[in-house]
Amino acid sequence: MTTLILSPRHTEDSQKLWRAALELGWEVVRVQGWRVEDLPPISEPVVYAETMLAMRLSERLGIQLDEPPVDWLPTLPDEYRGRAVKLSTLGAELTRTEPAFIKPPNDKSFAARVYLGSDLPADFDPDMPVLVQEVVHFLSEFRCFVLDRRVAARSHYSGEHDDEGLEGFVQTLLADPRVALPKATVVDVGRIENRGWAVIEQNAAWGAGIYECDALDVLPVLRAASGLPGG
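Numbered by numbering that gives the first Met the number 0, the letters in the sequence shown go through residues 0 to 230 in order.
Put into structure tokens, the structure is as follows:
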């Protein structure tokens, strides 16, 4: 029996996924008080949770949850990035005198925004990786849940709703063998002012907000992201 495992937080997304999982005949378990050691044996676990809890669940359940490599975005071909992006460290950027959009690659340990070096938080490990990006203006932003290099579900989440050209851009991206992707993931794309469509980032499917995506279409992606066959 496939079992959707949710964190204790009753978010709108988790409620949508809970209802969809029941519609598919899955079981649903909410972790109580973050105590993963209290979980019973689960033969087909599908995780949807925040990063720290998801990592604990992965260890407890003996499953592998994919995360994007920290250098995925800066190593994308230029035509998909649409702006300059490099991988650096927090310590190396503390002396930066030019503004840049800076964020941790795969978590939210500090806010993603435009920084000067003097504005960056200094209370983290100076060796922690950060993505340093040219400052651009995204006119629109869309989230794509991807399974086997095909879009399983898509939702607008910020800016303009105009999606002209989006489908062609995403299809080209997913068909390009130079673009490394796991079986199941989330790719965010947007339209940069005066430049066109570009990849914003890749996110792990098991922790990504679903916005207006149909939860029934998202669940197969989450199943595959938890290492189960036939997602």
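Don't be surprised by glycine CBs; every beta carbon is placed ideally from N, CA and C.
| Item | Value |
| --- | --- |
| First through last residue of the alpha helix (DSSP H) which encompasses GLU58 | 50–60 |
| Nearest-angstrom Cα separation, counted from ASP187 out to GLN201 | 6 Å |
| Residue range of the unbroken alpha helix (DSSP H) whose run includes GLN170 | 165–174 |
| For VAL220, the first and last residue of its enclosing alpha helix (DSSP H) | 214–224 |
| According to DSSP, residues forming a beta bridge with TRP196 | ARG190 |
| Inter-residue spacing [alpha-carbon to alpha-carbon] between ASP103 and ALA111 | The amino acid occupying residue 103 in the given sequence is Pro; Asp does not appear at that position. Rounded to the nearest angstrom, the two C-alpha atoms are 7 Å apart. |
| Pair within 8 Å by beta-carbon distance, SER225 and VAL28 | no |
| Best match in GLN170, ILE191, ALA203 for proximity to ARG82 [C-alpha to C-alpha] | ILE191 |
| Cutoff 7 Å; reference ASP126; Cβ partners in own chain excluding five residues on either side | THR88, GLY90 |
| Length of the line joining the Cα atoms of TRP196 and THR171 | 11 Å |
| DSSP three-state assignment for LYS15, whether helix, strand or coil | helix |
| Distance between GLY32 and ALA20 (C-alpha atoms, nearest Å) | 22 Å |
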